[in-house]
Amino acid sequence: MDPKSNLMKSKFFCLLLSAALFGCKSPNPQVPKVNIEPHDIINSPVEVIVNPMGVWAAFEGEIGDVQLFNANGKRLAIGALVRSGPVVFAKTLKFDANESCKGLLVIRHQPEGDLIEEQKIVTLKIPVRFKPSE
680 MDPKSNLMKS KFFCLLLSAA LFGCKSPNPQ VPKVNIEPHD IINSPVEVIV
730 NPMGVWAAFE GEIGDVQLFN ANGKRLAIGA LVRSGPVVFA KTLKFDANES
780 CKGLLVIRHQ PEGDLIEEQK IVTLKIPVRF KPSE
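Counting the sequence shown from 1 gives a position; the working numbering is that position plus 679.
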């Protein structure tokens, strides 16, 4: 066999092995873009817009749901994230946050709809603050 051919095969094999070992798993999984940043001040109603950018797959025009909790863990609002544009999903949440000044916005990705097992659901948690009542 040609030594150049063996060298090329070895390099190709090393490249493939490196890609398999280091390219498949990421310590920081990709997350979609959301219009609400951590610690943003929000008030009711709030529109939550998620752009999955090819990171999350949709199922029948839905990517999952969005929930809003207060600092005590009480759920204030919930809704399905439905398609509102070419690759954008949105939901307007109405809530009453008089009991707390902080909360947590939880976006759950359910790529297979309601049939997905709970352990396969990916969640994105965003801490938020509530605008004080006037």
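Note that the Cβ used here is the ideal one computed from N, Cα and C, for glycine as well. Model, not experiment: these values are computed from the prediction.
{"Asked": "First and last residue of the uninterrupted beta strand (DSSP E) at ASN730", "Found": "725-730"}
{"Asked": "Coil, strand or helix - ASN749 by DSSP", "Found": "strand"}
{"Asked": "Check whether CYS780 and PHE748 have beta carbons under 7 Å apart", "Found": "no"}
{"Asked": "Boundaries (first-last residue) of the beta strand (DSSP E) holding ALA736", "Found": "ALA736 -> no beta strand (DSSP E), and no H or E assigned at all."}
{"Asked": "Cβ pair VAL729, VAL713 closer than 7 Å", "Found": "yes"}
{"Asked": "Whether LYS804 touches SER723 by CB criterion (7 Å)", "Found": "no"}
{"Asked": "Cβ distance (whole Å) where VAL807 is taken to contact ILE721 below 8 Å", "Found": "5 Å"}
{"Asked": "Same chain only: Cβ atoms within 8 Å of GLU778, ignoring 5 sequence neighbours per side", "Found": "ASN749, ASN751, LYS753"}
{"Asked": "The beta strand (DSSP E) enclosing VAL767, as first and last residue numbers", "Found": "Premise fails: VAL767 is in no beta strand (DSSP E) and is neither H nor E."}
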